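The next block holds one structure in the form of structure tokens; read it before the comments.
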Amino acid sequence: MTQQHPPILGQGIGARLTRKEDERFLRGQGQYVGDLRMPGALDVAFVRSPLAHARVGHIEKPQGYEHLVYTMQDLAGVKPILAASRLPGFRTSVQYPLAMEKVRHVGEMVAMCMAPSRARAEDLAAQVWVDYEELPVIADMHDAANGVAPQRIHDEWDGNVFLETRVERGDRQIRNPGAVTVSRKLSTSRQCMMPMEGRGVLCWWDTRMDQLVMVSAAQLPHINRTGLAECLGLDEGRIRVVSPDVGGGFGYKGILLPEEICCAWLAMHLKRPVRWLEDRREHLSANANCREHAYDISVTVNADGRLAGIECDAIVDSGAYSSYPFSACLEAAQIGSILPGPYRMDDFLCRTRSAATNKPPILPYRGVARTGVCFALEVMMDVAARALGVEPYVLRQQSLVRPQDMPYTNITGKTFDSGDYLSCLNRAVEGLNWTQWRARQAQLQPAGARPQRRIGIGLSIFCEQGAHGTSVYHGWGIPMVPGYEQCHVRLTPDGILEVQIGVHSHGQSLETTMAQIANTVLGMDAEHVRVLHGDTATSPYSTGTWGSRCAVMAGGAVGTACEELGMRMKRIAASLLECSENDVVYVQGGIALKDGSQRVSYAQIGHTWYRAPQKLPADVNPGGLALTAGYRMQPDGGTFSYACHACAVEVDTATGFVKLLDYVVCEDGGVLLNPMVVEGQLLGGLAQGIGTALYEEMPFDEQGQPLASTLADYIVPGAGEMPRVRIDHMQTPSPFSKFGQKGIGEGGAIAPPAAIVNAINDALADLGAEVLCVPASPPRVLAAIERAEAAR
Numbered sequence: 001m002t003q004q005h006p007p008i009l010g011q012g013i014g015a016r017l018t019r020k021e022d023e024r025f026l027r028g029q030g031q032y033v034g035d036l037r038m039p040g041a042l043d044v045a046f047v048r049s050p051l052a053h054a055r056v057g058h059i060e061k062p063q064g065y066e067h068l069v070y071t072m073q074d075l076a077g078v079k080p081i082l083a084a085s086r087l088p089g090f091r092t093s094v095q096y097p098l099a100m101e102k103v104r105h106v107g108e109m110v111a112m113c114m115a116p117s118r119a120r121a122e123d124l125a126a127q128v129w130v131d132y133e134e135l136p137v138i139a140d141m142h143d144a145a146n147g148v149a150p151q152r153i154h155d156e157w158d159g160n161v162f163l164e165t166r167v168e169r170g171d172r173q174i175r176n177p178g179a180v181t182v183s184r185k186l187s188t189s190r191q192c193m194m195p196m197e198g199r200g201v202l203c204w205w206d207t208r209m210d211q212l213v214m215v216s217a218a219q220l221p222h223i224n225r226t227g228l229a230e231c232l233g234l235d236e237g238r239i240r241v242v243s244p245d246v247g248g249g250f251g252y253k254g255i256l257l258p259e260e261i262c263c264a265w266l267a268m269h270l271k272r273p274v275r276w277l278e279d280r281r282e283h284l285s286a287n288a289n290c291r292e293h294a295y296d297i298s299v300t301v302n303a304d305g306r307l308a309g310i311e312c313d314a315i316v317d318s319g320a321y322s323s324y325p326f327s328a329c330l331e332a333a334q335i336g337s338i339l340p341g342p343y344r345m346d347d348f349l350c351r352t353r354s355a356a357t358n359k360p361p362i363l364p365y366r367g368v369a370r371t372g373v374c375f376a377l378e379v380m381m382d383v384a385a386r387a388l389g390v391e392p393y394v395l396r397q398q399s400l401v402r403p404q405d406m407p408y409t410n411i412t413g414k415t416f417d418s419g420d421y422l423s424c425l426n427r428a429v430e431g432l433n434w435t436q437w438r439a440r441q442a443q444l445q446p447a448g449a450r451p452q453r454r455i456g457i458g459l460s461i462f463c464e465q466g467a468h469g470t471s472v473y474h475g476w477g478i479p480m481v482p483g484y485e486q487c488h489v490r491l492t493p494d495g496i497l498e499v500q501i502g503v504h505s506h507g508q509s510l511e512t513t514m515a516q517i518a519n520t521v522l523g524m525d526a527e528h529v530r531v532l533h534g535d536t537a538t539s540p541y542s543t544g545t546w547g548s549r550c551a552v553m554a555g556g557a558v559g560t561a562c563e564e565l566g567m568r569m570k571r572i573a574a575s576l577l578e579c580s581e582n583d584v585v586y587v588q589g590g591i592a593l594k595d596g597s598q599r600v601s602y603a604q605i606g607h608t609w610y611r612a613p614q615k616l617p618a619d620v621n622p623g624g625l626a627l628t629a630g631y632r633m634q635p636d637g638g639t640f641s642y643a644c645h646a647c648a649v650e651v652d653t654a655t656g657f658v659k660l661l662d663y664v665v666c667e668d669g670g671v672l673l674n675p676m677v678v679e680g681q682l683l684g685g686l687a688q689g690i691g692t693a694l695y696e697e698m699p700f701d702e703q704g705q706p707l708a709s710t711l712a713d714y715i716v717p718g719a720g721e722m723p724r725v726r727i728d729h730m731q732t733p734s735p736f737s738k739f740g741q742k743g744i745g746e747g748g749a750i751a752p753p754a755a756i757v758n759a760i761n762d763a764l765a766d767l768g769a770e771v772l773c774v775p776a777s778p779p780r781v782l783a784a785i786e787r788a789e790a791a792r
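In case it helps, my numbering puts the sequence shown at residues 1 to 792.
This is the structure in structure tokens:
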């Protein structure tokens with residue numbers, strides 16, 4: 001960790017600086033793909049399969065409009081999407097932008113139609129006739145994983161599993177006398193990701209630059225460019241990808257889309273702008289999903305309450321295709337390495353399978369595999385606590401990694417950088433007033449009583465690996481391996497600092513937090529720092545925004561670049577002040593003598609370099625006041641933020657309805673660049689976690705048909721479903737990152753399902769009822785109560 005400079009004007013690292021982005025957003029001046037208009041642009045609509053599995057025969061285009069409809073046979077030279085992995089045994093799927101011979105999920109694109117308006121393009125799509133030969137459907141991931149499915153989804157495969165992994169550590173034969181083993185089958189339901197803005201793409205061919213320009217609501221502009229180049233047969237220099245303002249990503253906007261390839265080809269073919277904007281029905285019924293996991297898990301606890309070991313068989317429904325660039329294996333393969341969570345244990349066994357089904361591809365949603373892993377392990381910790389007759393937090397206290405052991409390498413080889421998990425747990429328990437809720441529970445639910453409205457309390461604790469480095473993603477075997485994150489900085493002639501970063505901001509407030517880092521290093525007023533991103537023509541190459549990496553990696557790059565630029569500016573300032581570089585320091589808006597008697601502003605320094613070079617010292621750096629610097633954390637295994645969520649709920653046993661009464665989060669994100677921004681990230685993630693816990697589900701029937709294709713059926717939480725939330729910040733600096741910061745962007749979404757379900761099960765404990773699947777909807781709560789009654 002490098003030495004921090006004191007922040008200037010309360011704008012540096014740690015300040016609750018209001019967001020620079022909000023000026024344009026609050027005035028309605030943001031610019032999204034849907035806001036862009038180009039003369040002569042055509043709108044695109046797609047013919048999508050109504051069947052989950054079928055062979056595609058003859059496609060009949062509307063008579064007289066054949067030139068406005070395109071099929072895969074028309075897309076000459078376009079290659080399929082191949083999102084492979086180097087992990088042994090991985091099976092690669094071949095995904096054509098428009099269906100070739102077969103469709104493998106409802107909503108898969110079969111043809112592309114264009115017209116001067118979206119409405120007319122949709123009318124045209126409705127007139128396209130497709131001859132389908134219906135095939136047997138695999139809608140259940142257990143059938144796919146266990147080899148009992150009626151046929152293969154990909155004909156060239158010998159089964160319906162993308163990848164199987166196995167992780168085994170320790171000696172599972174050793175068990176202490178009195179050890180208790182509890183086993184359950186748990187699951188998380190398939191979800192949609194629901195960003196406020198759907199996907200969208202606008203493409204045109206720039207004849208002057210001889211270049212394809214694609215404006216896309218995307219998280220990974222450079223990775224999209226690489227994928228486009230591979231599929232279209234262009235060199236990357238002939239493709240420019242621009243991501244303007246993006247209304248939420250959450251992983252959904254982190255893949256190469258077939259729609260992007262189709263629109264790009266059409267723009268190249270027609271030499272006219274073309275646009276596609278995803279509507280909500282397409283998002284819900286046709287495009288990528290997330291979260292569908294199943295766990296057959298056993299947890300063993302020794303008589304002294306210490307966690308002895310975990311044994312788990314996990315299946316992830318990966319859908320029909322492997323999505324570029326993350327591949328179909330990322331979600332399941334991570335389970336085997338992160339399931340131990342923040343705990344010490346003696347042995348561990350985990351088998352995972354990425355099942356292929358006739359559903360849309362699965363994507364890494366906010367929290368990626370950690371939400372499911374946290375749900376499985378933390379619910380089991382409560383099951384074990386009930387079996388032992390102890391409070392859930394007491395059981396956890398015995399096995400959490402201890403602060404004196406940091407940095408700590410756990411049973412699967414993850415190195416935790418820093419933290420005090422036990423204090424985090426205890427602060428959350430105290431913050432919720434656990435003992436008071438227990439007393440209230442006993443008062444409302446005396447022994448032998450069966451009240452309709454019951455109170456329960458629950459918690460969950462987790463750690464989140466963020467800012468994964470080269471070794472981690474090289475080990476996953478996917479074609480997107482992060483290296484040095486870069487930042488380009490430039491001082492303008494009038495003293496404004498331009499900061500160009502490769503990551504993309506779609507709600508993370510990077511225009512604010514990166515300016516705060518520049519302020520901390522240089523004393524530059526945040527209003528005089530312009531943070532630019534989202535354009536492959538000007539942004540440094542980056543693997544983009546994912547994995548809670550921006551604060552650590554981009555923040556480290558910005559800090560490094562500002563330090564190097566500062567040294568160049570100090571040389572010029574010292575010359576103007578006629579002193580040694582050792583005699584000057586950064587001050588608000590410039591560089592001054594240490595005694596404060598004289599100073600030069602950044603505007604003066606910029607003016608000297610650009611417009612009065614005769615004043616420059618002879619040994620000035622000829623590179624000038626613009627440079628690119630790179631940063632890579634060492635060791636590069638990532639930072640480990642963590643949090644404990646604790647909550648109280650009310651469960652109505654007559655209706656199955658669950659009401660959140662109170663909610664506390666104690667989190668540790670290392671040094672917080674901006675606590676207000678962190679709180680916004682936590683609250684946004686919490687809302688999504690509550691959706692996973694109680695509301696959001698994309699069910700499919702046996703024929704692979706989506707059953708929640710409108711927002712009347714797919715329920716998302718709103719402001720009325722959010723509880724009172726109190727956030728307690730711990731700040732344990734990471735010894736590995738530049739400013740001690742840790743990645744924390746996904747954490748809010750990880751813990752809620754486990755904490756809420758644990759509270760529900762606590763409320764129902766004396767009935768013998770357990771909810772083991774999320775969302776814990778009223779029907780599932782009632783079903784759990786009915787099963788318990790039937791078992792008595």
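C-beta: ideal position from N, C-alpha, C; glycine also. Note that this is a predicted model, so its numbers are computed, not measured.
- With contacts defined by Cβ atoms closer than 8 Å, G630 and K359 do not form a contacting pair.
- The continuous beta strand (DSSP E) containing W205 extends over residues 200-206.
- Between the segment 442-459 and the segment 350-364 there are fewer than three inter-stretch CB-CB distances shorter than 8 Å, so the stretches are not counted as touching.
- Spanning the alpha carbons of H154 and F162 requires a straight line of approximately 10 Å.
- For V215, there is no enclosing alpha helix (DSSP H); the enclosing beta strand (DSSP E) covers residues 211-216.
- For N433, the closest alpha carbon among the candidates P779, A52, D662 is that of D662.
- Between the segment 515-524 and the segment 616-632, the count of C-beta pairs closer than 8 Å stays below three; the two stretches do not touch.
- Counting every other CB atom within 10 Å of its CB across the protein chains shown gives M381 a total of 16 or more, marking it as buried.
- Apart from sequence neighbours up to five positions away, the residues of its chain that approach G248 with a beta-carbon distance below 7 Å are P195, M196, E197, H506, G507, ordered along the chain.
- With a minimum length of 4 residues, the unbroken runs of alpha helix (DSSP H) contained wholly in the segment 670-740 fall at 675-690.
- In the structure shown, M514 adopts helical secondary structure according to DSSP, grouped into three states.
- Annotation: A592 is outside any alpha helix (DSSP H); the continuous beta strand (DSSP E) that includes it extends over 590-593.
- The beta carbons of I501 and P540 sit closer together than 8 Å.
- Among the bridge pairs identified by DSSP, D652 is matched with R453.
- Check the Cα spacing between Y695 and each of V658, P150, E164: the tightest is with V658.
- With a contact defined as Cβ atoms closer than 8 Å, G743 and A467 qualify at about 5 Å.
- A distance below 8 Å separates the beta carbons of R353 and E164.
- Assigned with DSSP and collapsed to three states, F640 falls in strand.
- About 7 Å separates the beta carbons of G170 and G309, which is inside the 8 Å limit, making them a contact pair.
- Judged by DSSP in its simplified three-state form, A111 adopts strand.
- A Cβ-Cβ distance of about 5 Å is found for the pair A267 and W204, placing them in contact under the 8 Å criterion.
- With a beta-carbon spacing of about 6 Å, C463 and G341 fall inside the 8 Å limit used to define contacts.
- Bounds of the alpha helix (DSSP H) holding L124 are 118-126.
- If you check the CB distance, M730 and N289 do not come in under 8 Å.
- Ranked by Cα distance from P717, the options T639, T710, L686, V213 are led by L686.
- Taking C-beta atoms as the reference points, W157 and R55 fail to come closer than 8 Å.
- Looking from the CA of Y65, the closest CA among A76, L339, D123 belongs to D123.
- The segment 298-376 is shown to contain whole beta strand (DSSP E) runs of 3 or more residues at 307-317, 347-355, in chain order.
- For V531, the CB contacts under 7 Å within the same chain, skipping 5 residues up- and downstream, are V499, I501, L510, E511, M514, A515 in chain order.
- CA-CA distance, P752 to H645, rounds to 7 Å.
- CA-to-CA, the gap between P150 and G159 works out to about 10 Å.
- In this structure, the straight-line span from the alpha carbon of P613 to that of C579 is close to 18 Å.
- Taking 8 Å as the cut-off, the beta carbon of V383 is found closer than this to the beta carbon of R184.
- DSSP places E21 outside both helix and strand once states are collapsed to three, so it counts as coil.
- Secondary structure within the segment 426-470: the beta strand (DSSP E) runs of 3 or more consecutive residues, fully enclosed, are 453-466 (chain order).
- Counting the other Cβ atoms within 10 Å of the Cβ of G747 gives 16 or more, which makes it buried.
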